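Presented below is the structure to which this report refers.
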Amino acid sequence: MRRFSVLVILIVCMPSLAAAVLSVHPKNPRYFADGSDRAIYLGGHQVFVDLQDNSFNKEFIRNRDRILDWDKYVEFLKANNFNYLRNWVIWSTGSGAMAPVNRAVAFPMPYKRVAGGGKAKDGKEKFDLDQFDDVFFQRMRKRCEDLEQAGVYVSIMLFEVYGFLGGEPVGDPPQTLWDGNVFNEANNINGVDVDYDGNGKGIEFFYTEDQRVLQLQKEYVKKILDTLNHLDNVFYEIANELYAPQWQYEMIEFIKRYEEAKPRQHLVLMSAGGRTRTGGWKQMDRDPVVNSPADCFAAAGSWQAGRYKKKDPPANDSGKPGIVDTDHGAAGSSDVGYVWSAFTRGYNFNLYDKPFENPDAEGPEWRRVRSNVGKTVEYANKLDLANVTPRDDLASTGFCLAKPGYQYVVYQPGDGPITVSDLRAGASYYFELYDTGQSKVVTSGRIQASGSTESFKSTCKGSVLYLNLSGSGESYP
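Positions in the sequence shown are counted from 1; adding 1005 to them yields this note's numbering.
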């Protein structure tokens, strides 16, 4: 076994985005493409307040701020080397004006409030579902443009489900998120209400055959597509944690048809569901998601007998980019094992960052996991990503992303040695060992492979070995 003691400090810059709409890489469809030959891995972040303030009754967000300072948040993304943001669009102004304690309601909303129609349950003017609020769409446009300038891709969540559910009542008198939903008849002047069974939930919105509601859905989607079509860094997520596969398929096809005549055609993401017609939970199986008309997918933690939750996802051989999103399998976890197991099995990754909804959760473990996500983006940018594949057979740890003979990223969740095979005997390799616990490279240098297999001593529990054939186009410190 080899022991090394050379330490190298790396400085990483966010790459600028190429001038072409995000697409699926034609050669290695595990990843995305930007119009050039290079493949793109997405490693990113999500909060609930990236677009609308005061979402989901949150009194405070990270650092105990009342609302998100957008400019500082963009700098936060860049500082952590994130190149992806999962946007959230919230459909409820909150559980009445009683929550949070500053009596703020979610703002802006897609629809305009109008005078003369009475008061909504949040105490403000009711919404007109036939009038869009330009404040909402212009903020969305500007923030997506800011992200493009910062080198960050963004998926737009067209619909979220929790604002259509009851949830825990808040305030006096007690109200739920459904009480603040724009499709609750108490909050709009149009007489539209999707709580058809009167159970205090409006989840039927996603299962309805009401042509008026279906048309309102499509008009809203068209408005977003029109607002953002000029951007290359955007793609669309149909809904968060929704079942309703047929409705989602129809919406995917609607987006694709509508954009056919437009300058840009954007990708569509389907996430694993989800919420049923009654508000209960029925997990959508893998096949209806992966084999849907969508271009990419977000995995469920329960798929493959729970392997995603167990930090042992199967290699992504689906023919589409897959995203392991901790919102769907490990919400609230800061375990870096989710990051590296996903990366070395050919997935993109998105972090559900709990301190942004519960500032008391902030701590070193969250700073660590953010650094680890950024490190995957760095390694992805160093790899010939168009030609790497998950190759668990080439590493003793079972977690390996490789271009055999040339480049390897190997994850060791434990503290044992790391053995790598299919090397070029006699060739020189640059190596570095990254300590996931300390979030830093602890050892680096060059070796000459004595044979096709080499073993490396890991001095820490939880490490990543990066190997690159010297002279293969990589520039080193």
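Backbone N, C-alpha and C fix where the C-beta goes; we use that ideal spot for every residue, glycine too. The structure displayed is predicted, hence computed values, not measured ones.
Closest residue to residue i among the options (Cα-Cα distance)
i, options, result
"Y1411", "P1418, Y1435 and S1100", "Y1435"
"V1425", "S1460, S1060 and P1418", "S1460"
"G1196", "T1181, R1217 and W1093", "R1217"
"I1072", "P1364, P1293 and L1474", "P1364"
"N1377", "D1440, P1360, R1148 and I1328", "D1440"
"F1259", "V1239, L1163 and D1139", "L1163"
"V1166", "F1061, Q1051, Q1154 and L1470", "F1061"
Per-residue burial, residue i [other beta carbons within 10 Å of its own, 16 or more giving buried]
i, result
"P1115", "buried"
"P1105", "Since pLDDT at P1105 reaches only 48, below the 50 mark, its modelled position is unreliable, and no value is offered."
"F1418", "The question names Phe, but residue 1418 in the sequence shown is Pro. Per the 10 Å Cβ criterion, buried."
"P1034", "buried"
"T1283", "exposed"
"W1286", "exposed"
"V1011", "No answer about V1011 holds up, because its pLDDT of 33 lies below 50 and its placement is not dependable."
"Q1143", "exposed"
"T1464", "exposed"
"K1466", "exposed"
"R1375", "buried"
"K1124", "exposed"
"E1242", "buried"
"N1107", "A caution first: N1107 carries a pLDDT of 48, below 50, which makes its placement in the model unreliable, though a value can still be read off. The residue in question, N1107, is exposed, as its Cβ has fewer than 16 Cβ neighbours within 10 Å."
"E1209", "buried"
"K1314", "buried"
"D1300", "buried"
Check: residue i C-beta below 7 Å from any heavy atom of the ligand GTP
i, result
"V1469", "In terms of ligand content, the structure shown is empty, and the ligand GTP therefore cannot be addressed."
Proximal residues to residue i (C-beta, below 6 Å), its chain only, five neighbours per side dropped
i, result
"K1408", "D1389, N1392 and V1393"
"G1278", "E1246, L1247, Y1248 and M1289"
"S1097", "G1168, L1182, G1185 and N1186"
"D1330", "A1303 and N1355"
"K1267", "N1234"
"G1324", "P1034"
Same chain only: Cβ atoms within 8 Å of residue i, ignoring 5 sequence neighbours per side
i, result
"E1264", "L1230, N1234, Q1270 and H1271"
"G1205", "G1171, T1181 and W1183"
Same chain, Cβ closer than 7 Å to residue i, five either side skipped, listed in chain order
i, result
"S1346", "K1316, D1317, P1318, F1404 and Y1416"
"I1045", "Y1036, F1037, A1038 and D1039"
"P1178", "none"
"S1468", "Q1417, L1438, Y1439, D1440 and T1441"
"D1427", "L1399, P1409, G1410 and S1457"
"Y1225", "P1115"
"T1232", "F1142, M1145 and R1146"
Endpoints, the alpha helix (DSSP H) within which residue i is located
i, result
"V1446", "Unbroken run through V1446 is the beta strand (DSSP E), K1445 to Q1453; no alpha helix (DSSP H)."
"A1432", "Per DSSP, A1432 belongs to no alpha helix (DSSP H) and is neither H nor E."
"C1149", "D1139 to Q1154"
Boundaries (first-last residue) of the beta strand (DSSP E) holding residue i
i, result
"V1239", "V1239 to N1245"
"P1188", "Note that residue 1188 is Phe in the sequence shown, not Pro. From DSSP, F1188 is part of no beta strand (DSSP E); its letter is neither H nor E."
"E1459", "E1459 to F1461"
"K1570", "Here the chain has residues from 1006 to 1482 only, and residue 1570 is not among them."
Original post:
Between the stretch 1379-1387 and the stretch 1052-1068, do at least 3 Cβ pairs fall closer than 8 Å?
Top reply: no
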